[in-house]
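This report concerns only the one structure given below.
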Amino acid sequence: MSPHPKDAQRTALITGAGSGIGAATARRLAREGYHVVLTGRRVGALERVAELIAADGTAAEVRPMDVTDPSSVTAAVDGLTRCDVLVNNAGGALGTETVADADPSDWRTMFETNVMGALATTQALLPLLTESGDGTVVLISSTAAFTVYEGGGGYSAAKHAEHALAGTLRLELCGRPVRVVEIAPGMVHTEEFSLNRYRGDADRAAAVYAGVDEPLTAEDIADTVAWTVTRPSHVNVDFLVVRPLAQAAQHKVHRRG
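For any residue, its number in our numbering is found by taking its place in the sequence shown, counting from 1, and adding 5.
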């Protein structure tokens, strides 16, 4: 049985909450009535998101966390007495080199962030999620979790592993009061994802979205997260793929002109 009254405010912890999908998800869940815990490496960015949430009429909690550092994860969750929703959003892509030319350190970085980071935060918060009596783990993966493409070997490998983590966890938690939701976005235009992937080359990053009629936004994914976690407790959205209309598949995108 949950130690928390059913009408008590629920808590959601979001990793990578300083920008993009993480920031949008935090703001949306705050509007849904959650007490949101913002985690990430850049304290200044987290504090700016907290200010936006405060302007929306509620308060957010900032806890610095580097998901690739187990001691940082432990320190960030220390003292947390409740967690009903964990959104494993921290991740990202690095580089577009072929398998033949890839730098193994880039692959390690992507694996550590996308996979080991999600593992660390899930392990740290699973006791509280179970104790809530109605917990949900959300993993933000990618369409790269089930499709490969040239120049995306390292990122796709990491997202395939994250997909395996989600599926395995769901099996292992069967019979316990914790849902596992995986959301796989397609083309999402955020301020940092492609810029990081292209190592700060703004022109190459912008070219990813050139001519695409309305790629997804961070708010679109935040809306999807909010929908999944607010379903009745007996409803588990196992795996949800979300793409813009202009993107029929990883390799099939309509561009104007």
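The beta carbon of each residue, even a glycine, is placed where N, CA and C say it ideally should be. Here the structure is a predicted model, which is why all the values come from computation and not from measurement.
Residue(s) in a DSSP beta bridge with residue i
i	result
residue 252	258
residue 43	19 and 67
residue 187	144 and 244
residue 193	221
Chain C within 8 Å of residue i, Cβ atoms only
i	result
residue 14	This model lacks chain C altogether, as it is built from one protein chain only.
First and last residue of the uninterrupted alpha helix (DSSP H) at residue i
i	result
residue 50	48–60
residue 34	25–36
residue 209	207–212
residue 113	109–116
residue 199	198–202
Residue environment, residue i, which counts as buried when at least 16 other CB atoms sit within 10 Å
i	result
residue 38	exposed
residue 96	buried
residue 153	exposed
residue 81	buried
residue 59	exposed
residue 241	exposed
residue 181	exposed
Local conformation of residue i per DSSP, three classes
i	result
residue 140	strand
residue 170	helix
residue 221	strand
residue 130	helix
residue 78	helix
residue 156	coil
residue 104	coil
residue 124	helix
residue 151	coil
residue 163	helix
residue 72	coil
residue 228	helix
residue 135	helix
residue 175	helix
residue 235	coil
Bounding residues of the beta strand (DSSP E) (the contiguous stretch that carries residue i)
i	result
residue 333	In the structure as shown, the chain starts at 6 and stops at 262, and residue 333 therefore has no counterpart that could be examined.
residue 90	90–93
Legend entry - Touching by the beta-carbon criterion (3+ pairs, under 8 Å), the segment 231–250 and the segment 196–209: no
Inset, instruction - Would you be able to state if there are at least three C-beta pairs under 8 Å between the segment 98–109 and the segment 131–138? - result: no
Inset, instruction - For the segment 210–230 and the segment 161–170, state whether three or more C-beta atom pairs, one from each stretch, are separated by less than 8 Å. - result: no
Inset, instruction - Assess, as a yes-or-no matter, whether the segment 51–62 is touched by the segment 192–204 under the definition of 3 or more beta carbon pairs within less than 8 Å. - result: no
Legend entry - Stretch-stretch touch, CB-based, cutoff 8 Å, three pairs: the segment 120–130 with the segment 81–92: yes
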